[in-house]
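Residue numbers (UniProt numbering), protein chains in the order written: chain A, 1 to 268; chain B, 1 to 268. A virtual CB, placed ideally from N, CA and C, is assigned to each residue, including glycine.
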C-alpha cells in the first residue's frame, strides 16, 4: 500500500495544481474529484494526470441515489463511470445519498440505494470500473449517506460480482464501529478503496469539515490499516481531509504535512 | 407504554419545578437527573416525587467507566445506585464514557467499560436497581460513550442476569442503525428504558444540544416504538430533549408541547 493524495485535501487547487503538488512531493497517485475534473474537461484532465505519470487511485464521486430526479441521477452516474474509465482508474467512489427531502422512511431510502446500485453495476463493470460503496458515519445518515456501516455496504455489494461492486473503507466513517475489524476481514477483495483522515473534537460547526489530518484526533490508523492489509488490499491509501484550516493553507505545505502524517501515523 | 418527562427536557427547572410541571400537565412519570436531585438532597427529592404521586421512570445517570480515577468512579456509581433505590426507580441509565484522555485504544476503553459494569452489576441487583446500558450515537464515541450500537450493548448485557443489566434504547442514538429493529426484537426483556427525541439538522455547534422534539427531525418514532412494544417493553416512554431553544422556553409551554408531540409522533 502506498500514499495517494485525495485532491479534496487541497480543495482550492485546480486539477493541474494538485497534479503538480503530487509530482513535487513524490506522491505517485491521486484521488480525483469530478468538479475540478469538469473544470478542465475530462480529456484534458486525463492527459494532465497521465503526463505527470500519476496513478488515479479513485474518482470521487457518484451515487446520491435518493435524488428526486431518478433519470437525471442515472445519467449523471453513468457519466461518472465514463469519466473514471477515461482517467484510467478502476474505482468510482459512491456516496449513496440521504433521506429524500421530507422523508423519514429510512428503509425505503436504503431500498432506493440498492435499486440505484443495481441499475449502475453492470454499466460500470462493462467499462472496467468498480463501484466503491462508501459507508458513511451515522452523523451523515439523514442528509448524505444512508449506508451506515461496512457490514451493511458488504451485504449490498454481495449481490453483485466482485469486479462490479466493492466498498470504500474510510477511517473517519468506520472507526467507531464495534464490528469494523471483522467486517474488514470479511470484505477481502471487495475493498476497492482505503481512505484515511482523523475524527477530531470539538466538531466544527459545519460537520462536513470535521475530518482532520491523521494524528490530530482519535483514530488508531495502525490497527485499521493492518486489518485492511490483512484482508488482502494492495491498493493506494488516500489521505482525504476536509478541514477549513487545511483547505486554507498553501498546497505544498499541506502536501508535505500529509506525507509526514502518513509516515508517522498510517504507513505500515 | 405511557409518557414520562425526562427532566433534562426542562433543564433549568429544579426537581420541585419539574415535578410540579408534570403534575399540572397530567404526566404520571418523570426521569430524574442526579444533579438536580443532589441540589435538594436525595431524601427530600424522593419525598417530592412521592408526594406528587409520580413514578420515577429512571435515574440519569451513572457510568463514565473510563474515568482516570477508577476508585472514585466506582464509589460514585454505587451512590447512583443508592439514589435510584431511594427514589423508588428500578432503572439507572449508564453513559459508559469515551476514550480516556490522550488514548486511541478503543478496544481497551470498551474493555474498561465491561469491567466497570461487572463491578457494579451485583451491587445494583442487590439494591433492586437495573443498570441500563445506553448505546450512544457514534458522534459521541470519542468523548462520551464507546458503546455505539444496541447489538454491542446487548452483547455486554448478556453476561449478566437480566435483573442486573439491561439496555436503554434512545431513538436519537440508534435510529440510523441498519440492524436496530432486529436488535430491539432480540433485546426483549433487556429493554430497561425507552427514550425519545429527534435527530435534527443542521447540527448545532454544540452537538450535545442536537436532540430535538419529536417531529422536528428525521426519526420515524412509530416504527421504532412498535418494535420496542413488540419486544415486550411495557415501561414508560421518556421524552428527553437537549436543545437550547427548548431549554430557554417556559417550563409549562415545553411540557405542553411535549404532550402534543408525544401524541402526534410517538404514542402507539
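Residue 184 of chain A and residue 255 of chain A - do their beta-carbons sit closer together than 7 Å? With contacts defined by Cβ atoms closer than 7 Å, residue 255 of chain A and residue 184 of chain A do not form a contacting pair.
Going by other Cβ atoms of all chains shown within 10 Å of its Cβ, with 16 needed for buried, is residue 112 of chain B buried or exposed? buried
Output, in chain order, the set of chain B residues within a Cβ distance shorter than 7 Å of residue 99 of chain A. 218
Terminal residues of the beta strand (DSSP E) in which residue 264 of chain A lies: According to the DSSP assignment, residue 264 of chain A belongs to no beta strand (DSSP E), since it is labelled neither H nor E.
Thinking C-alpha only, which one of A:199, A:208 and A:168 is nearest residue 236 of chain A? A:168
What is the rounded straight-line gap between the Cα of residue 190 of chain A and the Cα of residue 62 of chain A? 18 Å
7 Å Cβ cutoff, residue 230 of chain A in contact with chain B: no
Any beta-carbon of chain A closer than 7 Å to the one on residue 152 of chain B? yes
Taking its Cβ as the centre, do 16 or more other Cβ atoms sit within 10 Å of residue 102 of chain B, making it buried, or is it exposed? exposed
If contact means a Cβ-Cβ distance below 8 Å, which residues of the stretch 128-145 of chain A contact chain B? 137, 138, 139, 141, 142 and 143
If you drop the 5 nearest sequence neighbours on each side, which residues of the same chain put their C-beta closer than 8 Å to that of residue 87 of chain A? 32, 37, 42, 45, 46, 49, 56 and 59
Anyone know if the C-beta pair for residue 219 of chain B and residue 175 of chain B falls short of 7 Å? In terms of Cβ geometry, residue 219 of chain B and residue 175 of chain B form a close pair [threshold 7 Å].
Taking 8 Å as the threshold, find out whether the stretch 80-98 of chain B comes into contact with the stretch 138-156 of chain B through three or more Cβ pairs. yes
Measure the C-alpha to C-alpha separation of residue 177 of chain A and residue 126 of chain B and round it to an integer number of angstroms. 33 Å
According to DSSP, is residue 11 of chain B helix, strand or coil? coil
Tell me which same chain residues have a C-beta within less than 7 Å of the C-beta of residue 231 of chain A, skipping the five on either side of it? 184, 185, 187, 188 and 191
If we define contact as Cβ-Cβ less than 7 Å, is residue 207 of chain A a contact residue for chain B? yes
Closest by CA to residue 222 of chain A, which one among B:118, B:106, B:196 and B:226? B:106
Does the Cβ-Cβ distance between residue 173 of chain B and residue 122 of chain B come in under 7 Å? no
Which of the residues in the stretch 84-108 of chain A, read from start to end, lie with their CB under 9 Å from any CB of chain B? 98, 99, 103, 104, 105, 106 and 107
Taking only beta carbons into account, state which residues of the stretch 170-188 of chain A come closer than 9 Å to chain B, listed in chain order. 175, 176, 177, 178, 179 and 181
Checking 7 Å against the spacing of the C-beta atoms, do residue 23 of chain A and residue 10 of chain A come in under that value? For the pair residue 23 of chain A and residue 10 of chain A, the CB atoms are not nearer than the 7 Å cut-off.
Proximal chain B residues relative to residue 203 of chain A, where beta-carbon distance stays under 7 Å: Correct list: 207.
Does residue 2 of chain B come within less than 7 Å of chain A when only Cβ atoms are used? no
Cβ of residue 199 of chain A within 7 Å of any chain B Cβ: yes
Given residue 225 of chain B, which residues of its chain have a CB within under 7 Å of its CB, disregarding the five upstream and five downstream residues? The answer, listed in chain order, is 266 and 268.
Are there any heavy atoms of the ligand ADP lying less than 6 Å away from the beta-carbon of residue 24 of chain B, as far as the coordinates show? No copy of the ligand ADP appears in this structure; indeed no ligand is present at all.
My parser needs the alpha helix (DSSP H) runs of 4 or more residues fully inside the stretch 177-235 of chain B; what are they? 180-187 and 221-230
Say whether chain B places a C-beta atom closer than 7 Å to the C-beta of residue 14 of chain A. no
Applying the 10 Å Cβ sphere with the 16-neighbour rule, what's the burial state of residue 214 of chain B? buried
Which runs of the alpha helix (DSSP H), 4 residues or longer, sit entirely within the stretch 141-171 of chain B? 150-157
Under 7 Å by beta carbon: chain A residues contacting residue 149 of chain B: 178
With burial defined as no fewer than 16 other Cβ atoms inside 10 Å of the residue's Cβ, what is the status of residue 134 of chain A: buried or exposed? buried
Tell me whether the beta-carbon of residue 199 of chain B lies closer than 7 Å to the beta-carbon of residue 21 of chain A. no
List the endpoints of the continuous alpha helix (DSSP H) containing residue 72 of chain A. 70-87
Could you tell me the alpha carbon to alpha carbon distance between residue 76 of chain B and residue 5 of chain B, rounded to whole angstroms? 25 Å
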